[in-house]
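As structure tokens, this is what we get:
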């Protein structure tokens, strides 16, 4: 049996009007310490977003999600937060916020392949 590794993930949500508490799952971020893995997958479904909020700025939203992706990838392109270690970047990204892009609480599990697990969660929580 292959080694099982602990992972944590959070769903990335678009909350166009925070006061209404309505959201759309746009992506998933997964962190696995043992596999030195921190990545995200996201989709901007413009039709669904416009149904929730006709005036939403899709390009601004895309920029926010791209910034999250850069931080996940690490390095200078992710700014000062991108220079932190994987765990610190994940904790910073999943901190509670009251903005248009938020994350769910973190959830955990066991996996043998973090990339495959991220893809499965993305398909189940965002695409379906």
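In my numbering, the protein residues as written are 19 to 146. Backbone N, C-alpha and C fix where the C-beta goes; we use that ideal spot for every residue, glycine too.
Exercise for the section: Look at the alpha carbon of residue 94 and the alpha carbon of residue 79, and state the distance between them as a whole number of angstroms. Expected result: 22 Å
Practice task
Have a look at 83, 96, 45 and 101 and flag the residue whose alpha-carbon is nearest the alpha-carbon of residue 5.
Solution key: The first residue shown for the chain is 19 and the last is 146, placing residue 5 beyond what the model contains.
Problem - With 16 other Cβ atoms within 10 Å as the buried cut-off, status of residue 139 - result: buried
Practice task
Tell me whether residue 33 sits in a helix, a strand or coil according to DSSP, three-state version.
Solution key: coil
Practice task
Rank 77, 123 and 54 by C-alpha distance to the C-alpha of residue 64 and give the top, closest one.
Solution key: 77
Exercise for the section: My understanding is that residue 130 touches residue 47, with C-beta atoms under 8 Å, so please give their C-beta distance in whole angstroms. Expected result: With a Cβ gap of about 19 Å, residue 130 and residue 47 do not count as contacting.
Problem - Candidates 99, 100 and 52: closest to residue 22 by CA position - result: 52
Exercise for the section: Could you please give the first and the last residue of the uninterrupted beta strand (DSSP E) stretch that includes residue 123? Expected result: Where residue 123 is concerned, there is no enclosing beta strand (DSSP E), given that its DSSP letter is neither H nor E.
Problem - Cβ-based burial, residue 36 [other Cβ within 10 Å; buried from 16] - result: exposed
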